[in-house]
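Undergrad:
Residue numbers (my numbering): 61 to 389.
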């Protein structure tokens with residue numbers, strides 16, 4: 061309920077120009093403090109609502125991920141919400157990626173600066189480190205804008221970077237140019253970035269990296285792109301270099317997913333992630349606990365994957381791939 065109220069507030073404030081309230085004041089002199097103070101108040105109100113909205117989104121995603129309803133079948137996460145009023149047994153979702161202990165650190169009222177001011181030295185250090193992982197980076201060049209003078213006057217033209225040379229050779233009079241860069245950052249929304257860093261800072265950066273790695277290992281690409289879960293506005297690109305020891309595991313998982321797709325075989329992302337984790341770490345106990353698998357199932361899947369060549373350093377021969385596809389008929 062609170063989430064929908066804040067979303068309505070946001071839409072209404074955007075309609076009345078709260079995100080950029082200083083624009084109408086451009087023509088006013090500096091001796092108009094009343095209007096500037098009101099504009100500043102509008103901006104701060106909009107920002108606080110945006111931070112509160114982000115905190116509520118993250119809280120709800122953690123709660124959704126923690127749910128499992130079952131009878132003969134299991135329903136988890138978003139799917140479980142469809143059956144919440146049915147006569148089903150409520151359980152904790154052991155396969156989900158969530159951390160309910162961060163809920164008490166979320167600034168649900170939007171007062172994120174108050175939370176920051178109460179941090180210890182170690183928590184502030186964690187906050188900055190987490191931001192360095194997910195914060196906006198300088199993106200690559202996507203296009204260049206030129207202001208050129210034609211015979212009819214000045215016009216603006218956007219062109220892709222690859223057409224830059226051809227455009228220059230066109231002998232036009234270029235008056236000015238501007239480079240447009242792609243948006244960088246693991247988390248695209250700046251409000252979400254700060255709220256995530258604040259909520260995980262008291263727990264530690266290692267926990268944040270672990271949860272992020274588990275999200276990549278347990279969720280398939282389609283699910284990550286459609287539902288970003290506890291990491292709203294998450295980029296589709298995986299930052300292997302920022303995930304430390306988990307980067308190698310995620311790379312192995314990606315390779316296995318590609319090979320399975322070529323073979324026309326379907327396997328749960330959770331299972332593939334578990335196998336990748338075990339092959340890199342060799343830790344049976346952690347694999348069974350993190351990926352909610354039995355030892356019997358893990359060994360059976362390892363044998364299957366080794367048989368079809370997914371865990372070998374060499375790729376399968378075309379003849380072998382053709383034979384495996386034939387067996388799938």
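Note that beta-carbon positions come from the ideal geometry of N, C-alpha and C, so glycine has one too.
Using a threshold of 7 Å, state whether the C-beta atoms of residue 106 and residue 73 are closer than that.
TA: yes
Undergrad: Which residues in the same chain as residue 78 place their Cβ atom closer than 8 Å to its Cβ, once the five residues preceding and following it in sequence are excluded?
TA: 102, 103, 105, 106
Undergrad: Taking the alpha helix (DSSP H) that residue 344 belongs to, which residues open and close that run?
TA: Residues 344-350.
Undergrad: May I have the straight-line CA-CA distance separating residue 157 from residue 180, to the nearest angstrom?
TA: 27 Å
Undergrad: Can you name, in chain order, every residue of its own chain whose Cβ lies under 6 Å from the Cβ of residue 108, other than the five neighbours on each side?
TA: 170
Undergrad: Helix or strand or just coil, what does DSSP make of residue 72?
TA: helix
Undergrad: With DSSP collapsed to three states, give me the class of residue 303.
TA: coil
Undergrad: Thinking just about the alpha-carbon of each residue, which of 317, 309, 350 is nearest to the one in residue 368?
TA: Comparing alpha carbon positions, the residue from 317, 309, 350 closest to residue 368 is 317.
Undergrad: Which residues does DSSP pair with residue 274 in a beta bridge?
TA: Note: residue 274 sits in no beta bridge, so no partner.
Undergrad: With the cut-off set at 7 Å, would you say residue 292 and residue 252 are in Cβ contact?
TA: yes
Undergrad: Our contact map puts residue 312 next to residue 339 with C-beta atoms below 8 Å; I'd like the distance itself, whole angstroms only.
TA: 6 Å
Undergrad: By the three-class DSSP mapping on this structure, what secondary structure does residue 290 have?
TA: Three-state result, residue 290: coil.
Undergrad: From residue 140 to residue 128, what does the alpha carbon distance come to, in whole angstroms?
TA: Going from the Cα of residue 140 to the Cα of residue 128 covers about 6 Å.
Undergrad: Ordered along the chain, which non-local residues of its own chain (more than five positions away) have a Cβ less than 6 Å from that of residue 285?
TA: 296
Undergrad: Determine the direct distance from the alpha carbon of residue 323 to that of residue 247, and round the result to whole angstroms.
TA: Each residue's Cα considered, the two are about 33 Å apart.
Undergrad: Go ahead and pull the three-state DSSP assignment for residue 105.
TA: helix
Undergrad: Grab me the residues of residue 390's own chain with a C-beta within less than 6 Å of its C-beta, minus the 5 sequence neighbours each way, in chain order.
TA: A query on residue 390 cannot be resolved here, the shown segment of the chain reaching from 61 to 389 and no further.
Undergrad: Rounded to the nearest angstrom, how far is the Cβ of residue 70 from that of residue 113, given a contact under 8 Å?
TA: 6 Å
Undergrad: Cα separation between residue 314 and residue 299?
TA: 13 Å
Undergrad: Under three-state DSSP, which class holds residue 212?
TA: Confidence in residue 212 is poor, its pLDDT being 49 and thus under 50, which makes the residue's placement unreliable; the coordinate value appears in the next sentence. Coil.
Undergrad: Measure the Cβ-Cβ separation of residue 116 and residue 290 and say whether it is below 7 Å.
TA: Contact: no.
Undergrad: Relative to the C-alpha of residue 249, which candidate in 195, 267, 305 has its C-alpha closest?
TA: 195
Undergrad: Reducing DSSP to helix, strand and coil, say where residue 316 ends up.
TA: For residue 316, the three-state secondary structure derived from DSSP is helix.
Undergrad: Going by Cα to Cα distance, which pick from 265, 328, 245, 267 is closest to residue 281?
TA: 328
Undergrad: Give every residue of the same chain whose Cβ lies closer than 6 Å to the Cβ of residue 185, excluding the five residues on either side of it in the sequence, and list them in chain order.
TA: Closer than 6 Å at Cβ, skipping near neighbours: no residue.
Undergrad: Going by the DSSP bridge assignment, what does residue 130 pair with across the sheet?
TA: Residue 130 is bridged to 134, 149.
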